[in-house]
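Below is one structure, written out as structure tokens; comments come after it.
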Amino acid sequence: MNLQLLQEVTAFIWAEGDMLDHNEYDTWLALWADKGTYIIPIDPKEEDFENTLNYAYDDAHMRQLRVQRLIGGESISTSPQPRTVRTAANFRVLSEDGDQVRVRCSQHLRDFRKDSLKHYSADLTYDLVRSGDSFQIQRKLIRLINSDDTLAGIGYIL
Amino acid sequence: MNNMIDVVNLECDPAELVKADRVHTSLYTDAKLFDAEMEKIFYSTWVWVAHESEIPDAGSYKSTFIGKQPVIAVRDRKKQVNVLLNRCRHRGATVCEHKKGKTNSFVCPYHGWGYALDGSLRGIPHPDSYGECLDKSELPLVSLRTESYAGMIFATFKDDIEPLVDFLGPARKWMDLFMKQGAGYGIKVPGEHRFRFPGNWKIQLENTTDAYHFPLVHKSFLHSVDQQTMDMLDFVDGAGYVEDLGNGHSVMVMIPDLIDLEANLDLPIPTRFESLAQELRDEGIEEQQVRRIVRAVGGSGFNLNLFPNIACSMAFFRVLQPISVNETEIHHSVITMDGGPAVANRYRLRLHEHFQGPMGFGTPDDSEAWERVQKGASAGEDLWIMLNRGLPGEKPSEDGLVSDVSAETGMRAAYQQWKKMMSA
């Protein structure tokens, strides 16, 4: 097992989660490759995300707009902004091919807004590409374990 | 206070709770009224259950609810659509727990009673113990009266109410117009966003015919689209209108130019669709059809509210399912062109994701507003919900009553139907 690689991707993904929990959105946006996609599918078995309905299928433009919506103060569902704490664990490198790494981990996220504490568990699969001494995100796939149930509004970035 | 209602009347006379220009707060908060609504509305009229594309083949099914009762909409071997109560006739277990799928039969997991796609009881394991005391023909899955119009399938518990087409009345022509989003390919419902909010179902019913909230609640969405789209959606002071179509149905026309998607196809293609149009041309599609597809992708310029549970809302179907007096489930079903160009359908999916669903730029803000209504409605139990906007300008029309686009005419239409049904 390539423990050094495991440590590198773990550190990267932990930092990414920390940025989201602490509203460092500009830094977060800069983690992405230009053509990177942020995807939250509905059907747990779906593989063709482009041609199906998702909760989110964001390219660079949509990510930028989503951040703007969260911090813009114009949306009643995100002001007050939800507070989140997320924990990522069970990192596993699924494949490594030259500069490309696919890594999967589990994420437990708690969010609090107004008088409600909610919990979302998900499998995250990252496609990362080496960039200098770090990585860029080519794809972040978030499979919520309850993705095919009814959800309430999620006013932050998973 | 003025207009205070004698509490004794709350249970016995719903008619007192609906006036021409207002409804009583208890319509959102009274659990007894909610129970009565199930009986007198949801179990007494035509309720939408599915779009035909959701159950395309023999054996295709969808499980859903009419009011609080679980049902299955299924296409049998003769391609007929059956709407069946999802309840084994033996000891009551549900026979189907999947939301959608394809099957040859429904088999109860408890004792193995098996039903055909038309609901008839076919197989009973170990039948000897019944001797002659059980006649299979007497115990099919209960089948509801089912009719459809323009691909939309409705069912009812009542055998004696008017045919569906009469119930829909003038709403039918708007359904026909809405289906032009198929651009000649036909309409397909390939998925939906499902979410719940802690509020009464009628708060959502009102919202589909509420242009007034759009610029305020959806400010963050409006600031996420291009200037041309923003101008198009600036309709509150525009030439649109709301029309009461009878039987609780209404239409809110926000963008009059987009009533008939096949009219004036020579108008310039909006900037945001230019690259899509070029991709379609590059696929060899001729110009008129390119324009027809692009127009369809953008969606209709109106919301058609069909009482009590379905709306054809610009570019999607809005389905509401009451859970309790203060909880409602909503489905926003996406619409694509069945067999249409993949590039155009992808555009359509991305537009839906942009506004709808728990992570959309529109739905969560609507949801928040509705939640606030339910919360606020627990204050001042003798107060009224005001629905008098647009009354002074309201005039008779060919199909009912018409007023300006942000008038509460559509809500008044729905509540007059509510009053009629609840008083019956």
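Protein chains in written order, with my numbering: chain A, 16 to 173; chain B, 702 to 1125.
Yeah, the Cβ is synthetic: ideal placement off N, Cα and C, and Gly gets one too.
Could you give the distance in angstroms between the alpha-carbon of residue i and the alpha-carbon of residue j?
{"i": "Ile854 (chain B)", "j": "Ile1011 (chain B)", "result": "11 angstroms"}
{"i": "Met702 (chain B)", "j": "Leu1102 (chain B)", "result": "Model confidence at Met702 (chain B) stands at a pLDDT of 45, short of 50, so the residue's coordinates are unreliable; what they give is reported in the following sentence. Going from the Cα of Met702 (chain B) to the Cα of Leu1102 (chain B) covers about 32 angstroms."}
{"i": "Leu1084 (chain B)", "j": "Arg1073 (chain B)", "result": "16 angstroms"}
{"i": "Thr140 (chain A)", "j": "Gln153 (chain A)", "result": "11 angstroms"}
{"i": "Leu718 (chain B)", "j": "Asp819 (chain B)", "result": "42 angstroms"}
{"i": "Phe27 (chain A)", "j": "Phe150 (chain A)", "result": "7 angstroms"}
{"i": "Phe936 (chain B)", "j": "Asp49 (chain A)", "result": "36 angstroms"}
{"i": "Glu980 (chain B)", "j": "Val1026 (chain B)", "result": "48 angstroms"}
{"i": "Asn710 (chain B)", "j": "Glu740 (chain B)", "result": "Reliability fails at Asn710 (chain B), whose pLDDT of 46 lies under 50, so the model's placement of it is uncertain and no value is given."}
{"i": "Gln83 (chain A)", "j": "Leu785 (chain B)", "result": "47 angstroms"}
{"i": "Ser754 (chain B)", "j": "Gly852 (chain B)", "result": "8 angstroms"}
{"i": "Val724 (chain B)", "j": "Asn1004 (chain B)", "result": "22 angstroms"}
{"i": "Met931 (chain B)", "j": "Leu923 (chain B)", "result": "6 angstroms"}
{"i": "Ser925 (chain B)", "j": "Lys763 (chain B)", "result": "35 angstroms"}
{"i": "Met966 (chain B)", "j": "Val866 (chain B)", "result": "For clarity, residue 966 (chain B) is Leu in the given sequence; the question names Met instead. Distance between the alpha carbons of Leu966 (chain B) and Val866 (chain B) is about 30 angstroms."}
{"i": "Pro642 (chain B)", "j": "Arg992 (chain B)", "result": "Nothing about residue 642 (chain B) can be read from this structure; chain B reaches only from 702 to 1125."}
{"i": "Trp47 (chain A)", "j": "Gln22 (chain A)", "result": "20 angstroms"}
In the DSSP output, which residue or residues are listed as bridge partners for residue i?
{"i": "Asp1105 (chain B)", "result": "B:Tyr942"}
{"i": "Ala872 (chain B)", "result": "The partner list for Ala872 (chain B) (beta bridge, DSSP) is empty, contrary to what the question assumes."}
{"i": "Arg973 (chain B)", "result": "Arg973 (chain B) is not bridged to any residue."}
{"i": "Thr42 (chain A)", "result": "Bridge partners of Thr42 (chain A): none, in fact."}
{"i": "Gly802 (chain B)", "result": "B:Tyr762"}
{"i": "Val724 (chain B)", "result": "B:Val719 and B:Ile1086"}
{"i": "Tyr53 (chain A)", "result": "A:Asp73 and A:Lys155"}
{"i": "His1211 (chain B)", "result": "With chain B represented from 702 up to 1125, any question about residue 1211 (chain B) goes unanswered, as that position is not in the structure."}
{"i": "Phe150 (chain A)", "result": "A:Arg145"}
{"i": "Leu139 (chain A)", "result": "A:Cys120 and A:Ile157"}
{"i": "Pro1097 (chain B)", "result": "B:Leu1102"}
{"i": "Ile854 (chain B)", "result": "B:Ala751 and B:Ser849"}
{"i": "Cys834 (chain B)", "result": "In DSSP, Cys834 (chain B) forms no bridge with anything."}
{"i": "Val952 (chain B)", "result": "B:Glu944 and B:Leu1005"}
{"i": "Trp47 (chain A)", "result": "A:Ile152"}
{"i": "Ile773 (chain B)", "result": "B:Ser764 and B:Leu785"}
{"i": "Asp112 (chain A)", "result": "A:Gln115"}
{"i": "Thr102 (chain A)", "result": "A:His123"}
{"i": "Thr1037 (chain B)", "result": "B:Lys889"}
Mind listing the chain B neighbours of residue i? Cutoff is C-beta to C-beta under 9 angstroms, in chain order.
{"i": "Tyr70 (chain A)", "result": "His894, Glu1054, Gly1058, Pro1059, Met1060 and Gly1061"}
{"i": "Leu156 (chain A)", "result": "Result: empty, since nearest Cβ-Cβ is about 14 angstroms, beyond 9 angstroms."}
{"i": "Arg84 (chain A)", "result": "Ser921, Phe922, His924, Ser925 and Phe1062"}
Closer than 7 angstroms by beta-carbon distance: list the chain B residues that pair up with residue i, in chain order.
{"i": "Gly170 (chain A)", "result": "Pro1065"}
{"i": "Thr99 (chain A)", "result": "None at all; the shortest Cβ gap to chain B is about 14 angstroms."}
{"i": "Arg78 (chain A)", "result": "Near Arg78 (chain A) there are no residues of chain B at all, since even the closest Cβ is about 12 angstroms away, more than 7 angstroms."}
Closest Cβ-Cβ distance between residue i and chain A: below 9 angstroms?
{"i": "Leu718 (chain B)", "result": "no"}
{"i": "Val918 (chain B)", "result": "yes"}
{"i": "Leu981 (chain B)", "result": "no"}
{"i": "Lys769 (chain B)", "result": "no"}
{"i": "Lys889 (chain B)", "result": "no"}
{"i": "Pro1010 (chain B)", "result": "Pro is not the amino acid found at residue 1010 (chain B); the sequence shown has Asn there. Not an interface residue."}
{"i": "Asn1027 (chain B)", "result": "no"}
{"i": "Phe1018 (chain B)", "result": "no"}
{"i": "Asn1046 (chain B)", "result": "yes"}
{"i": "Ser763 (chain B)", "result": "The displayed chain sequence assigns Lys, not Ser, to residue 763 (chain B). Answer no: the Cβ-Cβ gap between Lys763 (chain B) and chain A never drops below 9 angstroms."}
{"i": "Lys803 (chain B)", "result": "no"}
{"i": "Lys800 (chain B)", "result": "yes"}
Starting from the beta carbon of residue i, find every residue of chain A whose beta carbon is closer than 8 angstroms, and list them in chain order.
{"i": "Val1035 (chain B)", "result": "Leu68"}
{"i": "Arg792 (chain B)", "result": "Correct list: empty, because the minimum Cβ distance to chain A is about 27 angstroms."}
Taking residue i as the query, report the chain A residues whose CB atoms sit under 7 angstroms from its CB, ordered along the chain.
{"i": "Ala1070 (chain B)", "result": "Ile91"}
{"i": "Ala1043 (chain B)", "result": "Asn66"}
{"i": "Glu1030 (chain B)", "result": "Thr165"}
Does any residue of chain B bring its CB to less than 9 angstroms from the CB of residue i?
{"i": "Gly147 (chain A)", "result": "no"}
{"i": "Ala167 (chain A)", "result": "yes"}
{"i": "Asp163 (chain A)", "result": "yes"}
{"i": "Arg81 (chain A)", "result": "yes"}
Could you work out which residues of chain B lie near residue i, taking near to mean beta carbons separated by less than 8 angstroms?
{"i": "Gly87 (chain A)", "result": "Ser921 and His924"}
{"i": "Thr140 (chain A)", "result": "Under the 8 angstroms cutoff, chain B gives no residues; its nearest Cβ is about 18 angstroms from Thr140 (chain A)."}
Residue i touches chain A at which residues, Cβ-Cβ below 9 angstroms?
{"i": "Pro971 (chain B)", "result": "In chain order: nothing, as chain A lies at least about 17 angstroms away."}
{"i": "Leu1050 (chain B)", "result": "Glu65, Asn66, Thr67, Leu68, Asn69 and Tyr72"}
{"i": "Arg897 (chain B)", "result": "Thr165, Leu166 and Ala167"}
Residues of the stretch 17-42 of chain A in Cβ contact with chain B at a cutoff of 9 angstroms, in chain order, please.
none
What are the residues in the stretch 50-69 of chain A lying within 7 angstroms of chain B by C-beta distance?
Ile55, Ile57, Glu65, Asn66, Thr67, Leu68 and Asn69
Contacting positions in the stretch 985-1016 of chain B - beta carbon closer than 8 angstroms to chain A
none
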